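Peer 1: Under my numbering, the letters of the sequence shown match residues 3 to 359, in that order. Before I ask anything, let me first share the structure, which is written out below as structure tokens.
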Amino acid sequence: MNPMRFLHTSDWHLGLHIRHAAQAASRLREERWAAVGRVAGIAREQAVDFVVIAGDVFDSNAPPPAEIREAAALLEAFPAPVYLIPGNHDPDVPGGPWEHPSWSESPNVTLLLRTEAIPVNGCTLYPCPLRSRWQGHQPLDWIPPRRPEDGIRLGLAHGGLATSGGSIPVDAALRYDLDYLALGDWHSSSPDLQPGVRQAYSGTPETDAFGQRESGLVLVVEIEGPLDRPRISRHRSGRLEWRQRTVRFVHEGDATRLREELEADASPDVLLHLEVSGSLFPGDERELAAIATLLQHGYFHGRLTRGPFWPAGQVAAIPAGFPALAAERLRTRAEAGDESAARALLLLQRLAGEAVT
3 MNPMRFLHTS
13 DWHLGLHIRH
23 AAQAASRLRE
33 ERWAAVGRVA
43 GIAREQAVDF
53 VVIAGDVFDS
63 NAPPPAEIRE
73 AAALLEAFPA
83 PVYLIPGNHD
93 PDVPGGPWEH
103 PSWSESPNVT
113 LLLRTEAIPV
123 NGCTLYPCPL
133 RSRWQGHQPL
143 DWIPPRRPED
153 GIRLGLAHGG
163 LATSGGSIPV
173 DAALRYDLDY
183 LALGDWHSSS
193 PDLQPGVRQA
203 YSGTPETDAF
213 GQRESGLVLV
223 VEIEGPLDRP
233 RISRHRSGRL
243 EWRQRTVRFV
253 HEGDATRLRE
263 ELEADASPDV
273 LLHLEVSGSL
283 FPGDERELAA
293 IATLLQHGYF
303 HGRLTRGPFW
313 PAGQVAAIPA
323 GFPALAAERL
333 RTRAEAGDES
343 AARALLLLQR
353 LAGEAVT
């Protein structure tokens, strides 16, 4: 008997509105659709027997009909049968996307809308579809005990782990005697995919936020037979790279060096959130303006966050005596990372300048 091999994905969130990406939001929505084609390509390259989608194909339960038709057409063109459950963003509700007639015209796609065992190629699927945005019960409780005729037992569920406020037990695969539990909801894939792991989050196929780890991936799972350990491998489906960088100016020329580094690393496939703070030297404001322009035009998307800055060297326009002593103490604290001191120093300098004029 050949091992069963399938692709596990989830959290496509087609139609997603990414508010923090400003002018890049529409292009990010397009990238999510493009990622579907890359997922299909991985399924073809890996010669999987079928594909499972563990919820949230759509970002809402009321996507435009044109988006439903496009999604159905893309899934119909997959090189292997597709089985999917609704998630908390696209639950199976009256008038929702799963009632659209396009699905009845897509025989390659099976909507798993009921809690019932589905035989598939020597295995049994146990889907746990969501019927509301908020899960009020344990979605896997319906799964029956193992029977000899089940073959490989594969569960599909969508939600967070109980240890993080969700409803999925951390030992759900063991508790419900599943050979593998395909999970959706988390946009980062499970960090531990060592042999013997029987449940995992696939993560989203295209990263959609700064700070996500191990996202932009799909999982390919291979199981020899019932009770055998799954072998899980990650495969890159995302194109975009979301980077975060924090820089503190300490020495003269730091701003120039940062601009030069950003110029060398500029890429249309990178989104960069840059946070800068520290000592401001003459000419640094000009460099910061150039950096802001570079982030806008040299990257897929860039965001510049200015932290607390303070004047480098002697603080200009501060009268001698107590004000100058206070300024030096504030600068020392600011250079040690005290944001309140940095703001106070700038305010003191501004007030001193106004007093002089």
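From the three backbone atoms N, C-alpha and C, an ideal C-beta is built for every residue, glycine too. Since the structure is predicted, the reported quantities are computational estimates derived from the model, not experimental observations.
In angstroms, rounded to a whole number, what distance separates the CA positions of Ala343 and Arg333?
Peer 2: Here residue 343 corresponds to residue number 341 of the sequence shown, with the count starting at 1. Here residue 333 corresponds to residue number 331 of the sequence shown, with the count starting at 1. Ala343 and Arg333: Cα-Cα distance of roughly 7 Å.
Peer 1: Would you grab the beta carbon distance between Cys130 and Leu176 for me? Rounded to a whole angstrom, and I think it's under 8 Å.
Peer 2: In the sequence shown, counting from the first residue as 1, residue 130 sits at position 128. In the sequence shown, counting from the first residue as 1, residue 176 sits at position 174. Not quite, the Cβ-Cβ distance comes to about 16 Å (not below 8 Å), so this is no contact.
Peer 1: Smallest Cα separation from Asp1: which of Thr117, Leu127, Glu262, Pro66?
Peer 2: What is shown of the chain runs 3 to 359, which leaves residue 1 out entirely.
Peer 1: Give the range of the beta strand (DSSP E) segment to which Gly309 is assigned.
Peer 2: For the purposes of this step, residue 309 is taken as residue 307 along the sequence shown, with counting starting at 1. It spans 303–313 - the beta strand (DSSP E) in which Gly309 sits, taken as one unbroken run.
Peer 1: In angstroms, rounded to a whole number, what distance separates the CA positions of Trp100 and Val54?
Peer 2: Residue 100 sits at position 98 when you count from the first residue of the sequence shown. Residue 54 sits at position 52 when you count from the first residue of the sequence shown. Trp100 and Val54: Cα-Cα distance of roughly 16 Å.
Peer 1: So, do the segment 206–222 and the segment 242–261 have three or more beta carbon pairs nearer to each other than 8 Å?
Peer 2: Because the criterion of three Cβ pairs below 8 Å is met, the segment 206–222 and the segment 242–261 touch.
Peer 1: Under a Cβ-count criterion, where at least 16 other Cβ atoms within 10 Å of its own Cβ denotes burial, should Ser281 be classed as buried or exposed?
Peer 2: Locating residue 281 in the sequence shown gives position 279, where the first residue counts as 1. Counting Cβ neighbours within 10 Å, Ser281 comes out buried, since at least 16 surround it.
Peer 1: Pair every Cβ in the segment 212–221 with every Cβ in the segment 247–265, then say whether three or more of these pairs are closer than 8 Å.
Peer 2: Flag = no, the segment 212–221 and the segment 247–265 do not touch.
Peer 1: Could you tell me the distance, in whole angstroms, from the CA atom of Gly198 to the CA atom of Asp181?
Peer 2: Along the sequence shown, read from residue 1 onward, the residue named residue 198 stands at position 196. Along the sequence shown, read from residue 1 onward, the residue named residue 181 stands at position 179. In a straight line, the C-alpha of Gly198 is about 10 Å away from that of Asp181.
Peer 1: With a threshold of 6 Å on Cβ separation, who are the neighbours of Glu289 within its own chain once the five nearest residues in sequence on each side are excluded?
Peer 2: Taking the first residue of the sequence shown as position 1, residue 289 is located at position 287. For Glu289, where only same-chain residues beyond five positions count, the Cβ hits under 6 Å are Ala257, Thr258, Arg261.
Peer 1: Residue range of the alpha helix (DSSP H) that Arg7 falls in?
Peer 2: Against the sequence shown, residue 7 aligns to sequence position 5. First-last for Arg7: 6–11, but that is the beta strand (DSSP E), not the alpha helix (DSSP H).
Peer 1: Beta-carbon separation of His189 and Gln214 under 8 Å?
Peer 2: In the sequence shown, the residue the question calls residue 189 occupies position 187. In the sequence shown, the residue the question calls residue 214 occupies position 212. Closer than 8 Å, so yes.
Peer 1: In chain order, what are the residue ranges of uninterrupted beta strand (DSSP E) at least 3 long that sit wholly in the segment 91–119?
Peer 2: Those beta strand (DSSP E) runs which fall completely within the segment 91–119 and span 3+ residues are 111–113.
Peer 1: Distance, Cα to Cα, Val358 vs Ile20?
Peer 2: By one-based count along the sequence shown, residue 358 stands at place 356. By one-based count along the sequence shown, residue 20 stands at place 18. At Val358, the pLDDT of 44 sits below 50, so the modelled position is not reliable; the number obtained from the coordinates is stated separately. Taking the straight line from one Cα to the other gives about 47 Å.
Peer 1: Would DSSP call Val41 helix, strand or coil?
Peer 2: Translated into the one-based positions of the sequence shown, residue 41 becomes position 39. Note: Val41 maps to helix in three-state DSSP.
Peer 1: Which value, in whole angstroms, describes the spacing of the CA atoms of Asn63 and Asn110?
Peer 2: Along the sequence shown, read from residue 1 onward, the residue named residue 63 stands at position 61. Along the sequence shown, read from residue 1 onward, the residue named residue 110 stands at position 108. Distance between the alpha carbons of Asn63 and Asn110: 22 Å.
Peer 1: Helix or strand or just coil, what does DSSP make of Ala79?
Peer 2: Position 77 of the sequence shown, counted from the first residue, corresponds to residue 79. Ala79: coil per DSSP, three-state reduction.
Peer 1: Taking all protein chains shown into account, do 16 or more other C-beta atoms lie within 10 angstroms of the C-beta of Gly167, making it buried, or fewer, making it exposed?
Peer 2: The residue given as residue 167 occupies position 165 in the sequence shown. Looking at its Cβ environment, which holds fewer than 16 other Cβ atoms inside 10 Å, Gly167 is exposed.
Peer 1: Helix, strand or coil for Trp14? Go by DSSP, reduced to three states.
Peer 2: Along the sequence shown, read from residue 1 onward, the residue named residue 14 stands at position 12. Coil at Trp14, not helix or strand.
Peer 1: Would you check if the distance between the CB atom of Ala73 and the CB atom of Val50 is smaller than 8 Å?
Peer 2: The sequence position of residue 73 within the sequence shown is 71, counting from 1. The sequence position of residue 50 within the sequence shown is 48, counting from 1. No; because the gap between Cβ atoms is not below 8 Å, this pair is not in contact.
Peer 1: Hey, out of Asn90, Phe302, Asp286, Val278, whose CA is closest to Ser269's CA?
Peer 2: Here residue 269 refers to the residue found at position 267 of the sequence shown. Comparing Cα-Cα distances from Ser269 to each of Asn90, Phe302, Asp286, Val278, the minimum goes to Phe302.
Peer 1: Leaving aside the five residues before and after Ser108 along the sequence, list all residues of the same chain whose C-beta is less than 6 Å from its C-beta, in chain order.
Peer 2: Reading the sequence shown from its first residue, position 106 is the one you call residue 108. Taken in chain order, the residues that qualify are Ala74, Glu78.
Peer 1: First and last residue of the alpha helix (DSSP H) that includes Gln364?
Peer 2: Because the chain is modelled from 3 through 359, residue 364 falls outside the range shown and cannot be assessed.
Peer 1: Runs of 3 residues minimum, wholly inside the segment 244–287: which ones carry the beta strand (DSSP E) assignment?
Peer 2: Here the runs fully enclosed are 272–282.
Peer 1: Drop a sphere of 10 angstroms on the beta-carbon of Ala329, count the other beta-carbons inside from all chains shown, and report buried for 16 or more, exposed for fewer.
Peer 2: Along the sequence shown, one-based indexing puts residue 329 at 327. Buried is the call here.
Peer 1: Is the CB-CB distance between Gly161 and Asp58 below 8 Å?
Peer 2: Taking the first residue of the sequence shown as position 1, residue 161 is located at position 159. Taking the first residue of the sequence shown as position 1, residue 58 is located at position 56. Going by C-beta atoms, Gly161 is not nearer than 8 Å to Asp58.
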